[in-house]
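S.K.: Handing you a structure now.
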Amino acid sequence: MLTTLNLKVGSILHDMEQNIDHRVIYMNKDYLVTILINGIKEKTEINEWHIQTLQHFVNKKQIAVREPKFDKVFDFDSLPEKTKEIYLRNKDIVETVGDIYGPCYFCLGTRKPKPCFQELADKYNISKKTVFYVIKQYLTNGLDPFALLPQIGKKSKANMHYSTKTGRPPMFEQGIPLTDELREIFDDCCKHYLSGREKSYATTYDWMLTKYFTARVETQTSKGVVVQNKLLPIDQRPTKSQMENYIVTHTSAKARRVCKTSKREYRNNERMLVSDNLLNVHGPGDLFEMDEVEMDVSIVSEVDPTKVIGRPIVHAMVDVYSRMITAVSVSLENNSVLGFTNCLLNLGEDNKQLCRRYGLELKDGLWDINVLPNRLRSDRGSEYRSKEVKRICNELNITLELVPPAMGSLKGQVEQLFHQYHSVQNDLLEGRGLITQRHDSNHHRHAVLTLDDIWVFVINQTIAHNMMTMSQYPMTKDMLEKSVHPIPLELWDYGCTKYGAPRPIVNLDQFEYSIRKEVRARITRKGIEWNGLYYIANDPWLAEQITKTRRSSVPLKCRLDERNIGSLWYIADNRLVKATLNENRAGNYEFNGMSLRNYEEYKTKKKELVMEKAQEDQEIRCARRMGMQATLNDAVRVANQTAPNDDKTKNIRHNRKEESILVLEANSIGARLNTDDAPSLIPLKNAEPEPEALSEPESNEETGSMTFEEALQKIKQKM
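Position 639 of the sequence shown, counting from 1, maps to 639 under the UniProt record's numbering, and the rest follow consecutively.
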């Protein structure tokens, strides 16, 4: 396959085999002329190439053609006078030489005399080597005028040797010259300074002196030899300024800032901003930003104002396009899915009813945002990375965008909103629970607001924000022509007209089903069982499933509101069924209207009550077993002392009848209740005799031949 040559003056031909570059300095239809770039400094190698030959080398990939990069420009008028003189001198040199030897400059590669070089050297009082260098520099750079400027740059001081310290003479004799050995020490200081955030120039200088500029001194005393490490004299060690200047010179500003903060913080605060947050945002509802904040105020309980409950948590959603606050939530839930769904609920809530709950009236059109966003941008909090939030966003068809860690500026709209909240209310809350970073803050002692009061604060600020002018909003040309004010309400209406209205929440049941928590229940004969509770619903499908289960159970996917465990929602045949707690079961319906968190506390209380008696129950079980074991041992002992009888298993019915008569007579009502309904078999006495020990069992022979009447008589005698 033939490769099309795209050549022009300045192009580079790279020899793949020899790894050298040729610069094109002249072109014609049939051939071109190049100069070797990386050749010997004192020589010039100029070659002629035919287009067909070059095409052959390029097709065989022996030569690669590279585009020239003329990316450096200059303004002649802004150059210093000295630089202008050098530029004009070099320009005259290349023009004079070009008129004589150009445009191919073949003679520059020969040893023929070049009298014009000497004339130019005499004219400008420079050497012939300088003239040659100017010409070669101009040609190897592809006839770029920038090559005629003097090569201004910082000269390396690595190979320079000093006998005295450079710089301004000090007021006192101190410091040492910069040597190779001192450079190695300073390089070590650079590593030490960049190794941690707490490393300062002062501590690094102290570290250097203690490591490299101390001497071991032995002093003979009456108690022996005392060894000490002392600093060298002031004229034998470098100054702090020397070390500091070396660190600043040999490390980049970025490296110093990163080591004293972090890469994330540097990227967040000092990166270049090439766009704003409206990039790729297509109208209202396309992108919402969401975050939560702990308000800088301490609040008290609504039920008992004498109890402080800490900070309230405010969640907020902001439409990026219009800056409209679309949803808010005030709760005590931080970094939890409950807090996320609390704010999400406000998207489908009637905000007029919400305002009436707190004694506020809301006019039409001020806060009627019952829509779902296409995308939701948030930080990488644990709740946003949870499976539950991902499931909710997936069911609501919301794309969740998580910004990188420590990059709050990527969701700066909602972050700025929280700053606005605090700046507006802090002066009002001073001395009334405002939390400040002072030892005398006493915010818990001065707290007076409740959670409902914070709701009123947030609603007031939300409505005011949506109606206020934003002077820094980037207005487009079309907005200005249509006289659209930079107000969130107007921007929302303008965006809906231009891009279309956002997705409305049409089916509230589907919306609520999606944001409920997914739980695993089981269908049993007792109904739907979940977490020790039983639910029932007037649903033919459920009745059929309960009938099929018999003594087993069937798993069922349900949805639960953690704020109220009184109902479970499930889908059967594309129907949404709401099962409620069975009120006919004890210890079940009284948990209706209770939150999951409160119910779990009751379950924990039950476990604690059971565990309180666990040790006592264990002792009772052991005592029961020991009593039964003792009885069994006595029976075994008696059985072992009885002679074996082959007729033991015969006449079982007759023996049972005889034994039942003895048991009935011995357990009469009078004997059991100790009444006079029947004569007692045991003669009553004034004093109960001491219980006699049981006599030894009779011999096996006598027992075996004893009749029933004789055995009965013996029992009466023993009693």
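Ideal Cβ placement from N, Cα and C applies to all residues, glycine included. This one's a predicted model, so the numbers in the text were calculated from it and none came from an experiment.
1) Between which two residues does the alpha helix (DSSP H) harbouring His50 extend?
2) Tell me whether Trp367 sits in a helix, a strand or coil according to DSSP, three-state version.
3) Leaving aside the five residues before and after Lys307 along the sequence, list all residues of the same chain whose C-beta is less than 7 Å from its C-beta, in chain order.
4) Leaving out five residues before and five after Lys254 in sequence, what residues of the same chain have Cβ atoms less than 8 Å from its Cβ?
5) Looking at the unbroken alpha helix (DSSP H) that takes in Ala121, where does it start and where does it end?
6) State the CB to CB distance for the pair Leu402 and Lys390, rounded to an integer number of angstroms; the pair is presumed to be in contact (CB under 8 Å).
7) Going by DSSP in three states, Val308 sits in which element: helix, strand or coil?
8) Only counting runs of 3 or more residues, tell me where the beta strand (DSSP E) segments fall wholly within the segment 209-294, in order along the chain.
9) Express the C-alpha separation of Pro103 and Tyr138 in angstroms, rounding to a whole number.
10) To the nearest angstrom, how far is it from the Cα of Tyr246 to the Cα of Glu270?
11) Anyone know if the C-beta pair for Phe340 and Met317 falls short of 8 Å?
12) With C-beta atoms as the reference, is Arg183 less than 8 Å away from Asp286?
13) Determine contact between the segment 449-461 and the segment 318-337, defined as no fewer than three beta-carbon pairs at a distance below 8 Å.
14) Any idea what DSSP makes of Ser423, helix, strand or coil?
15) Can you tell me the Cα-Cα spacing of residue 786 and Glu198, whole angstroms?
16) Secondary structure at Ile25, three-state DSSP: helix, strand or coil?
17) Distance check for Ala614 and Leu694, CA to CA, integer angstroms please.
18) On the CB-based measure, 16 or more other CB atoms within 10 Å of its CB, does Tyr534 come out buried or exposed?
19) Are Lys352 and Leu362 closer than 8 Å when you measure CB to CB?
20) Between which residues of its own chain and Pro312 is the CB-CB distance below 8 Å, once the five residues before and five after are set aside?
21) Quick one: grab the DSSP three-state call for His192.
22) Please classify Asn700 as buried or exposed, where buried requires at least 16 other C-beta atoms within 10 Å of its C-beta.
23) From this set, Thr580, Leu143, Lys129, which residue's C-alpha is nearest Phe70's C-alpha?
24) Going by DSSP in three states, Lys136 sits in which element: helix, strand or coil?
25) Please give me, in chain order, every unbroken run of the beta strand (DSSP E) with length at least 3 that falls completely inside the segment 509-567.
26) Which term fits Glu665, buried or exposed, when burial requires 16 or more other beta carbons within 10 angstroms of its beta carbon?
27) CA-CA distance, Cys190 and Tyr205?
28) Between the segment 559-579 and the segment 503-522, can you find at least three pairs of beta-carbon atoms closer than 8 Å?
29) Enumerate, from N- to C-terminal direction, the unbroken alpha helix (DSSP H) stretches of 4 or more residues contained entirely within the segment 433-509.
30) May I ask which residues mark the beginning and end of the alpha helix (DSSP H) holding Glu95?
31) Would you call the segment 495-502 and the segment 538-556 touching, i.e. three or more CB-CB distances under 8 Å?
32) If you run the structure through DSSP and keep just helix, strand and coil, what is Arg197?
33) Take the Cβ of Tyr358 as the centre, count every other Cβ of all protein chains shown within 10 Å, and call the residue buried at 16 or more, exposed below.
34) How many whole angstroms separate the CB atoms of Leu36 and His22, which I take to be in contact at a CB cut-off of 8 Å?
35) Sort out for me which residues DSSP pairs Val65 with in a bridge.
36) Counting beta carbon pairs with one atom in the segment 13-29 and one in the segment 54-69, are three or more of them shorter than 8 Å?
M.R.: Once the coordinates are examined:
1) Taking the first residue of the sequence shown as 1, we reach residue 50 at position 50. Note, His50: premise wrong, no alpha helix (DSSP H); beta strand (DSSP E) at 46-50.
2) Within the sequence shown, numbered from 1, the residue matching residue 367 stands at position 367. Coil.
3) Position 307 of the sequence shown, counted from the first residue, corresponds to residue 307. For Lys307, same chain residues with a beta-carbon under 7 Å away, outside a window of 5 residues either side, are Val300, Ser301 in chain order.
4) The residue given as residue 254 occupies position 254 in the sequence shown. Sequence-distant Cβ neighbours of Lys254 in its own chain, meaning closer than 8 Å and more than five residues away, are Tyr266.
5) Residue numbering aside, residue 121 sits at position 121 when the sequence shown is read from its first letter. Note, Ala121: alpha helix (DSSP H), 115-124.
6) Within the sequence shown, the letter at position 402 stands for residue 402. Within the sequence shown, the letter at position 390 stands for residue 390. Here Leu402 is actually not in contact with Lys390; their C-beta atoms are around 10 Å apart, not less than 8 Å.
7) Stepping through the sequence shown from its first residue, residue 308 is reached at position 308. Note: Val308 maps to strand in three-state DSSP.
8) Qualifying beta strand (DSSP E) stretches, in chain order: 214-221, 224-231, 287-294.
9) In the sequence shown, residue 138 corresponds to position 138, counting from 1. In the sequence shown, residue 103 corresponds to position 103, counting from 1. Those two C-alpha atoms are separated by around 13 Å.
10) Locating residue 246 in the sequence shown gives position 246, counting from the first residue. Locating residue 270 in the sequence shown gives position 270, counting from the first residue. If you take the alpha carbons of Tyr246 and Glu270, they lie about 25 Å apart.
11) As a first step, residue 340 is located in the sequence shown; it is residue number 340 there, counting from the start. As a first step, residue 317 is located in the sequence shown; it is residue number 317 there, counting from the start. Not a contact, by the Cβ cut-off of 8 Å.
12) Stepping through the sequence shown from its first residue, residue 183 is reached at position 183. Stepping through the sequence shown from its first residue, residue 286 is reached at position 286. Cβ distance not < 8 Å, so Arg183 and Asp286 don't count as in contact.
13) Three or more Cβ pairs closer than 8 Å define a contact, and the segment 449-461 meets that threshold against the segment 318-337.
14) As a working mapping, residue 423 is identified with position 423 in the sequence shown. Correct three-state label for Ser423: helix.
15) The chain is shown from 1 up to 719; residue 786 falls before or after that span and cannot be answered.
16) Taking the first residue of the sequence shown as position 1, residue 25 is located at position 25. Residue state for Ile25 is assigned as strand, using DSSP reduced to three classes.
17) Counting from 1 along the sequence shown, the entry for residue 694 is found at position 694. Counting from 1 along the sequence shown, the entry for residue 614 is found at position 614. For Leu694, the predicted model reports a pLDDT of 47, less than 50, meaning its position is unreliable and no value from the coordinates is stated.
18) Mapped onto the sequence shown, residue 534 falls at position 534. The residue in question, Tyr534, is buried, as its Cβ has 16 or more Cβ neighbours within 10 Å.
19) Position 352 of the sequence shown, counting from 1, holds the residue named residue 352. Position 362 of the sequence shown, counting from 1, holds the residue named residue 362. In this structure, Leu362 lies closer than 8 Å to Lys352 by Cβ.
20) Indexing the sequence shown from 1 puts residue 312 at position 312. These residues qualify, in order along the chain: Glu294, Met295, Val297, Ile299, Val330, Ser331, Leu332, Leu451, Ile454.
21) For this step, residue 192 is matched to residue 192 along the sequence shown. DSSP places His192 in the helix class (H, G or I) of the three-state scheme.
22) Residue numbering aside, residue 700 sits at position 700 when the sequence shown is read from its first letter. Low confidence applies to Asn700: its pLDDT is 46, below 50, so where it sits in the model is not reliable, and the reading given next is rough at best. An exposed status is given to Asn700, since fewer than 16 other beta-carbon atoms sit within 10 Å of its beta-carbon.
23) If you number the sequence shown from 1, residue 70 lands on position 70. Considering only alpha carbons, the answer is Leu143.
24) For the purposes of this step, residue 136 is identified with residue 136 of the sequence shown, where counting begins at 1. Lys136 carries a helical assignment under DSSP once its states are collapsed to helix, strand and coil.
25) Taking only runs of at least 3 residues, the beta strand (DSSP E) segments lying wholly in the segment 509-567 are 517-524, 527-530, 533-536, 554-561.
26) Walking along the sequence shown from the start, residue 665 turns up at place 665. Label assigned to Glu665: exposed.
27) Here residue 190 is taken as the residue at index 190 of the sequence shown, counted from 1. Here residue 205 is taken as the residue at index 205 of the sequence shown, counted from 1. So the two alpha carbons sit approximately 11 Å from each other.
28) Result yes; three or more Cβ-Cβ pairs closer than 8 Å.
29) List check, alpha helix (DSSP H) in window: 451-467, 477-481, 488-499.
30) Position 95 of the sequence shown, counting from 1, holds the residue named residue 95. Residues 81-101.
31) Because the criterion of three Cβ pairs below 8 Å is not met, the segment 495-502 and the segment 538-556 do not touch.
32) Position 197 of the sequence shown, counted from the first residue, corresponds to residue 197. Reduced to three states, the DSSP call for Arg197 is coil.
33) Mapped onto the sequence shown, residue 358 falls at position 358. Its Cβ having fewer than 16 others within 10 Å, Tyr358 is exposed.
34) Counting from one through the sequence shown, the residue named residue 36 turns up at place 36. Counting from one through the sequence shown, the residue named residue 22 turns up at place 22. Yes, they are in contact, since the Cβ atoms of Leu36 and His22 sit about 6 Å apart, within 8 Å.
35) Position 65 of the sequence shown, counting from 1, holds the residue named residue 65. According to DSSP, residue pairing for Val65 in a beta bridge involves Leu13.
36) Of all C-beta pairs linking the segment 54-69 to the segment 13-29, three or more are shorter than 8 Å, placing the two stretches in contact.
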